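Undergrad: Numbering (the numbering used here), first residue to last: 215 to 354.
Cβ atoms here follow ideal geometry from the backbone N, Cα and C, with glycine treated the same way.
Everything numeric in this text was worked out from a predicted model, so none of it was measured.
Sharing a structure below in C-alpha coordinates format, with a few things to ask.
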(Lines of atoms letter the chains of each structure in order from A and count residues from 1; the text may use other names and numbers.)
(Lines give C-alpha, C1' and ligand atoms only; values in the text may rest on other atoms or scores of the structure.)
Protein backbone atom coordinates (compact mmCIF):
# COMPACT_ATOMS: atom_id res chain seq x y z
CA UNK A 1 0.00 0.00 0.00
CA UNK A 2 1.14 3.56 -0.65
CA UNK A 3 2.59 5.50 2.26
CA UNK A 4 0.37 8.25 3.63
CA UNK A 5 1.42 11.78 2.69
CA UNK A 6 2.18 14.22 5.49
CA UNK A 7 1.99 17.97 4.94
CA UNK A 8 4.94 19.78 6.51
CA UNK A 9 6.29 23.31 6.52
CA UNK A 10 9.90 24.35 7.03
CA UNK A 11 11.84 27.58 7.52
CA UNK A 12 15.18 28.98 6.56
CA UNK A 13 15.53 31.55 9.37
CA UNK A 14 18.14 34.28 9.00
CA UNK A 15 19.32 37.49 10.61
CA UNK A 16 21.76 40.23 9.70
CA UNK A 17 24.67 41.07 11.98
CA UNK A 18 26.58 43.95 10.48
CA UNK A 19 27.68 42.78 7.03
CA UNK A 20 27.27 39.11 7.91
CA UNK A 21 24.22 36.89 7.58
CA UNK A 22 23.51 34.00 9.95
CA UNK A 23 21.06 31.13 9.58
CA UNK A 24 19.48 28.99 12.28
CA UNK A 25 20.42 25.34 11.77
CA UNK A 26 19.03 22.55 13.96
CA UNK A 27 20.77 19.22 14.46
CA UNK A 28 18.67 16.08 14.41
CA UNK A 29 19.20 12.72 16.12
CA UNK A 30 20.98 11.42 13.00
CA UNK A 31 23.61 14.15 13.44
CA UNK A 32 22.54 16.13 10.37
CA UNK A 33 22.14 19.91 10.42
CA UNK A 34 18.78 20.82 8.99
CA UNK A 35 16.00 23.41 9.19
CA UNK A 36 13.10 23.98 11.52
CA UNK A 37 10.12 22.08 10.18
CA UNK A 38 6.94 20.50 11.38
CA UNK A 39 3.46 19.29 10.71
CA UNK A 40 0.79 21.57 9.31
CA UNK A 41 -2.32 21.19 11.41
CA UNK A 42 -5.82 20.66 10.05
CA UNK A 43 -7.22 23.89 8.62
CA UNK A 44 -3.99 25.81 9.25
CA UNK A 45 -2.51 27.81 6.38
CA UNK A 46 1.19 27.21 5.60
CA UNK A 47 2.29 30.68 6.73
CA UNK A 48 0.61 30.36 10.13
CA UNK A 49 2.01 26.85 10.48
CA UNK A 50 5.59 27.95 9.80
CA UNK A 51 5.40 30.83 12.28
CA UNK A 52 4.03 28.44 14.93
CA UNK A 53 6.71 25.81 14.28
CA UNK A 54 9.53 28.37 14.42
CA UNK A 55 8.20 29.69 17.74
CA UNK A 56 7.76 26.16 19.16
CA UNK A 57 11.05 24.65 18.01
CA UNK A 58 13.52 27.52 18.45
CA UNK A 59 11.57 30.25 20.27
CA UNK A 60 11.96 32.86 17.53
CA UNK A 61 9.54 35.26 15.87
CA UNK A 62 10.05 37.02 12.56
CA UNK A 63 8.51 37.72 9.21
CA UNK A 64 8.04 35.51 6.19
CA UNK A 65 9.59 36.92 3.01
CA UNK A 66 8.86 34.29 0.36
CA UNK A 67 8.18 30.62 -0.27
CA UNK A 68 11.48 28.95 -1.24
CA UNK A 69 10.58 25.57 -2.63
CA UNK A 70 9.54 22.10 -1.63
CA UNK A 71 10.88 18.64 -1.11
CA UNK A 72 9.46 15.22 -0.36
CA UNK A 73 11.16 12.41 1.49
CA UNK A 74 10.24 9.06 3.05
CA UNK A 75 10.11 9.02 6.84
CA UNK A 76 8.98 6.84 9.70
CA UNK A 77 6.66 8.27 12.33
CA UNK A 78 7.20 7.72 16.06
CA UNK A 79 4.57 4.96 15.80
CA UNK A 80 6.59 3.15 13.13
CA UNK A 81 4.36 4.10 10.20
CA UNK A 82 6.04 4.77 6.86
CA UNK A 83 5.00 8.12 5.41
CA UNK A 84 5.97 10.52 2.66
CA UNK A 85 6.73 13.95 4.06
CA UNK A 86 6.05 16.84 1.73
CA UNK A 87 7.73 20.01 3.04
CA UNK A 88 7.08 23.55 1.81
CA UNK A 89 9.93 25.85 2.86
CA UNK A 90 9.67 29.54 3.62
CA UNK A 91 12.33 32.22 4.09
CA UNK A 92 11.94 33.97 7.41
CA UNK A 93 13.83 37.01 8.65
CA UNK A 94 14.24 37.67 12.35
CA UNK A 95 15.90 40.36 14.44
CA UNK A 96 15.98 38.06 17.48
CA UNK A 97 19.13 36.24 18.56
CA UNK A 98 18.19 34.02 21.46
CA UNK A 99 17.45 30.45 20.35
CA UNK A 100 15.44 28.32 22.77
CA UNK A 101 15.50 24.72 21.54
CA UNK A 102 12.36 22.70 22.20
CA UNK A 103 13.07 19.67 24.38
CA UNK A 104 12.62 16.29 22.73
CA UNK A 105 11.05 16.40 19.26
CA UNK A 106 14.10 14.72 17.69
CA UNK A 107 16.35 17.80 17.75
CA UNK A 108 19.53 17.83 19.81
CA UNK A 109 21.09 21.22 19.05
CA UNK A 110 20.44 24.54 17.36
CA UNK A 111 22.80 27.34 16.47
CA UNK A 112 23.48 30.30 14.22
CA UNK A 113 25.67 29.42 11.23
CA UNK A 114 27.27 31.99 8.92
CA UNK A 115 25.38 31.66 5.61
CA UNK A 116 28.50 30.74 3.62
CA UNK A 117 29.14 27.74 5.90
CA UNK A 118 25.69 26.18 5.69
CA UNK A 119 26.54 23.93 2.74
CA UNK A 120 29.75 22.76 4.44
CA UNK A 121 27.78 21.24 7.30
CA UNK A 122 26.65 17.62 7.28
CA UNK A 123 23.19 18.29 5.82
CA UNK A 124 20.54 16.66 3.67
CA UNK A 125 21.56 17.09 0.02
CA UNK A 126 17.92 17.04 -1.08
CA UNK A 127 17.52 20.50 0.47
CA UNK A 128 20.32 22.09 -1.60
CA UNK A 129 17.81 23.69 -3.99
CA UNK A 130 16.11 25.30 -0.99
CA UNK A 131 19.46 26.53 0.37
CA UNK A 132 20.39 27.97 -3.04
CA UNK A 133 17.03 29.70 -3.40
CA UNK A 134 17.43 31.29 0.03
CA UNK A 135 21.00 32.45 -0.65
CA UNK A 136 19.90 33.96 -3.99
CA UNK A 137 16.98 35.79 -2.40
CA UNK A 138 19.03 37.14 0.54
CA UNK A 139 21.93 38.20 -1.67
CA UNK A 140 19.75 40.28 -4.03
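According to DSSP, is residue 243 helix, strand or coil?
TA: Residue 243 falls in the coil class under three-state DSSP.
Undergrad: For the candidate residues 335, 276, 250, 233, whose alpha-carbon lies nearest to that of residue 308?
TA: It is 276.
Undergrad: By Cβ distance below 8 angstroms, which residues in the same chain neighbour residue 333 in space, the five residues on each side in sequence not counted?
TA: Hits under 8 angstroms: 342, 345.
Undergrad: Among 338, 295, 274, which residue has its Cα nearest to the Cα of residue 313?
TA: Among 338, 295, 274, the Cα nearest to that of residue 313 belongs to 274.
Undergrad: Is residue 331 helix, strand or coil when you go by DSSP?
TA: Correct three-state label for residue 331: helix.
Undergrad: Does the beta-carbon distance from residue 267 to residue 225 come in below 8 angstroms?
TA: Cβ distance < 8 angstroms, so residue 267 and residue 225 count as in contact.
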